[in-house]
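There are 2 protein chains.
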Amino acid sequence: METLNTTEIQAYLVELGTKAQAAKTTLQSLTTAQKNEALRQAAKALVSESERLLAANEKDYARAKEAGMAEGLLDRLKLTASRIESMAEGLMQIADLPDPVGEVMERFDRPNGLHIEKVRVPMGVIGIIYEARPNVTADAFGLCFKTGNAVILKGGKDAFYSNQAITGVIGDALEREGIDRNAILLIENNDRAVTTAFMRLKEYVDVLIPRGGAGLIRSVVENSTIPVIETGTGNCHIYIDETADLEKAVPIVINAKTQRIGVCNACESLLVHKNIADHILPALGKALLEKQVEIRGDEIVRAQIPQAVAVTEEDYGTEYLDFILSVKTVSSLEEAIAHINKYNTGHSDAILTQNQSHAQKFLREVDAACVYVNASTRFTDGFEFGFGAEIGISTQKLHARGPMGLKELTSYKYQITGDGQVRP
Amino acid sequence: METLNTTEIQAYLVELGTKAQAAKTTLQSLTTAQKNEALRQAAKALVSESERLLAANEKDYARAKEAGMAEGLLDRLKLTASRIESMAEGLMQIADLPDPVGEVMERFDRPNGLHIEKVRVPMGVIGIIYEARPNVTADAFGLCFKTGNAVILKGGKDAFYSNQAITGVIGDALEREGIDRNAILLIENNDRAVTTAFMRLKEYVDVLIPRGGAGLIRSVVENSTIPVIETGTGNCHIYIDETADLEKAVPIVINAKTQRIGVCNACESLLVHKNIADHILPALGKALLEKQVEIRGDEIVRAQIPQAVAVTEEDYGTEYLDFILSVKTVSSLEEAIAHINKYNTGHSDAILTQNQSHAQKFLREVDAACVYVNASTRFTDGFEFGFGAEIGISTQKLHARGPMGLKELTSYKYQITGDGQVRP
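Top line first, the protein sequences correspond to chains A and B.
Taking the working numbering, the leading residue of the first sequence gets 1, the next gets one more, and so forth.
Taking the working numbering, the leading residue of the second sequence gets 425, the next gets one more, and so forth.
Right under this line is the structure:
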């Protein structure tokens, strides 16, 4: 990989942006059937060209292993025949989903005779910056393509050869269908300066979506002049109210904390009403400890669960993504809500209660994308919501909030038809 | 006005942000009736305390005049009794509009028994940065307040005393209604460093909306880490197709260009099909010249309108906001669409044609918030669209596009109710 100077970087990115803009126009003229057929052909090509993908991935894997990459990351980087089949299956599923583009969202007539239609349209060109997970390459392409968007991908440098191969196979498949292969473009230079310049390619990219850890997302938010959809960070809470059904509370907490620890919708912090602390905490502590969860609690918690260690202020603000849970007792629903609104990341928070008015107050006042009553926070997911696909979980309030499916990759335009109207 | 160091600036803004966050919570608990009553009381207070507002405005006006402010800007800065009444009338009208907050946008049940509702909610805290137009202060407050949002305003420094007085009068009125006066906050330090730091107050502000000229908007897009809604810049086109009704074409072009020149939905560039150049251009030229419009045209245009001067590439990309129009002839609809997509700002573009398939192609392929057939671009406006209010015209594709009314100042949350569901 060559190191480019600022002018060369700009020239390289403008060339990519120009290609994407040209592809965008042709994409918007495709019918839904044409798009679905292309997705299916791309899926087939991934499987039939597995050898090419596996060989490229082997290069990435060997290099990463030699560089001492951690086991968990190596596992996410690794492609296998069955993982390639899953990628292909993902594209097939996207082909089967309804096409949101072209939907007339509203139509109305004005007194002066103007007829106005609000029509769902593609965003245009979407940029996606992500880490070394080759499956995201095919997945992000599928979602963007189905919604008529060209996509420019910047994957983690450790997956470089894998991403190049996947992009190549999909591009070839598009070309065989008579579609501009530049519907999927990969930034093939891993210099950090290129990525930073990409975040400012505002003339060519309509939306930028970072997918990855908190550091990546922060960097994009800091540097981008392109509108960003912020995804992912989840410091999710469960509050066990005084009137909670304790039979259900333990399984929900165990599920939300331990069913999968490294995900953004896992529970990181538990609040328990003081009046039921002695009733619920021993059983809950036992169940958590059996799952090897480290409990960090306040004084009341530690009195009920001797194995718990002292919690700090910093714990309350931490997304552990690990077998650790902070536990705090509160005196009221109001205190629980205030604590959550102070420390949450606007992702997912739950109340366990049998009291309807407490449930309603919690749903109304907790400021998060997804607020739950008597269920695990782990359901914040495009598939679990029935969207059939997911590009990420938005934690911002602009444009989209919570799980984002196909619709969230679209914009709209107003089409206005008159017969000579002028403004008085 | 004192100059603060970086730490002091941060402390000042965090204090404002904290106040706004506290106000946000109380705002969200108000009923629609309470919000409407507060808006009406604020409107009355503006009128009854006109003297206080006029005195403050006089200080701004005198200072600006002495500093040599241009006539047009002085006029926008000036408050009069009747302008104060208009501001109050604006708040009254907002009180009469339906409240979008609380609307259940979708509801669905999942096979596992989870019930999911997508509910419209306030954004939270909205930041607005604008120029020396005191009327925006009341207007922006009204729209944000109606939608349950706290607002932090940064107005142009030349309107400082006026904004302070308006904010004070409204805050007093809110307080008399038992509502947190911090629902409207004004940044009272005009140091540029404060404004820049405000654009990065991400922990406290959910959305930032710049209202003003291209320079202001560019500065916000460049510096903000808060999600921005970009508004305003309009390089709007009209394309006169071969089959246009020429009786209607001249009045539409004259309206779009000259009815009000300093606005974003005015026409800046005209495209004419070559085959009708000799038929339409002489009459059009005459009408434009009568309105004192300078015509900048290509060779064919200049052959038909001898008074026209030569157009440059730069003209095609210019939003004049003046009595100037660039005019270009094209050989086809495709050439017109390609030219528009190259030079427009995604605001408003129109085709004049009697050919249905040309109209459809134009509506589909021109990439702009508002695309018109046989009407003036001047209709891109929240009031003309029947929204009853307008915070601005979005030229981005994320969240909102085109005229933004009350709905566009809201977000949504998912409220999920279960009875013990855990994820398998």
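Note that beta-carbon positions come from the ideal geometry of N, C-alpha and C, so glycine has one too.
Close-in-space but distant-in-sequence residues of the same chain around I94/A (CB under 7 Å, 5 per side omitted): L39, G142, L143, K146 and A389
Under the three-state DSSP convention, the category N374/A falls into: strand
For H763/B, the nearest candidate out of I662/B, A488/B, K626/B and A505/B (CA to CA): I662/B
Under the three-state DSSP convention, the category L4/A falls into: coil
As assigned by DSSP and simplified to three states, the class of K397/A: coil
Where D206/A sits in the DSSP three-state scheme: coil
Contacts that V438/B makes with chain A (C-beta to C-beta distance below 7 Å): Those do not exist, as V438/B stays about 14 Å from chain A at its closest Cβ, beyond 7 Å.
Three CB pairs or more closer than 8 Å across the region 650 to 661 of chain B and the region 730 to 739 of chain B: no
Test: Q396/A CB closer than 8 Å to a CB of chain B: yes
Coil, strand or helix - H763/B by DSSP: helix
Per-residue DSSP class, three states only, for A308/A: coil
Cβ contact check for the region 39 to 54 of chain A and the region 83 to 99 of chain A: 3 or more pairs under 8 Å: yes
Proximity winner among L289/A, Q307/A and S357/A, relative to A425/A (alpha-carbon distances): Only positions 1 to 424 of chain A appear in this structure, which leaves residue 425/A out of reach.
The region 743 to 756 of chain B in contact with the region 708 to 722 of chain B per 3-pair CB rule at 8 Å: yes
Cα-Cα separation, H703/B to D805/B: 32 Å
Cβ neighbour criterion (16 or more within 10 Å) applied to Q396/A: buried
Near-chain E residues of the region 533 to 560 of chain B - C-beta to any C-beta below 7 Å: In summary, chain E is missing from the structure at hand, where the protein chains are A and B.
For G826/B and S818/B, believed in contact at Cβ under 8 Å, the rounded distance: 6 Å
S472/B: first and last residue of the uninterrupted beta strand (DSSP E) it sits in: That residue, S472/B, is in no beta strand (DSSP E); its alpha helix (DSSP H) goes T456 to S472.
Three-state secondary structure assigned by DSSP to G215/A: helix
Close Cβ partners of E599/B (< 6 Å) along its chain, the five nearest in sequence each way excluded: R605
Cut-off 6 Å between Cβ atoms - residues of its own chain near E49/A, not counting five sequence neighbours on either side: V169
S82/A classed as buried or exposed, judged by whether at least 16 other C-beta atoms fall within 10 angstroms: exposed
Partners in chain B for N374/A, counting only beta-carbon separations shorter than 9 Å: T841, G842, D843, G844 and Q845
Residue range of the beta strand (DSSP E) that includes V525/B: Neither: V525/B is in no beta strand (DSSP E) and is coded neither H nor E.
Rounded separation between L54/A and Y412/A - CA only: 40 Å
Close-in-space but distant-in-sequence residues of the same chain around P251/A (CB under 7 Å, 5 per side omitted): none
C794/B at chain A interface by Cβ criterion, 8 Å: yes
Residue burial classification, P98/A (beta-carbon count within 10 angstroms, cutoff 16): exposed
Check whether P134/A and S162/A have beta carbons under 8 Å apart: yes
Classification of N5/A by the beta-carbon crowding that lies within 10 angstroms, buried from 16 upward: exposed
Inter-residue Cα distance where the pair is V575/B and N344/A: 22 Å
Coarse secondary structure for Y239/A, derived from DSSP in three states: strand
Residues near H115/A in its chain [Cβ-Cβ closer than 6 Å; skip 5 each side]: D109 and T417
Three-state class that DSSP yields for S693/B in the structure shown: strand
Reduced DSSP secondary structure (H/G/I, E/B, other) of L609/B: strand
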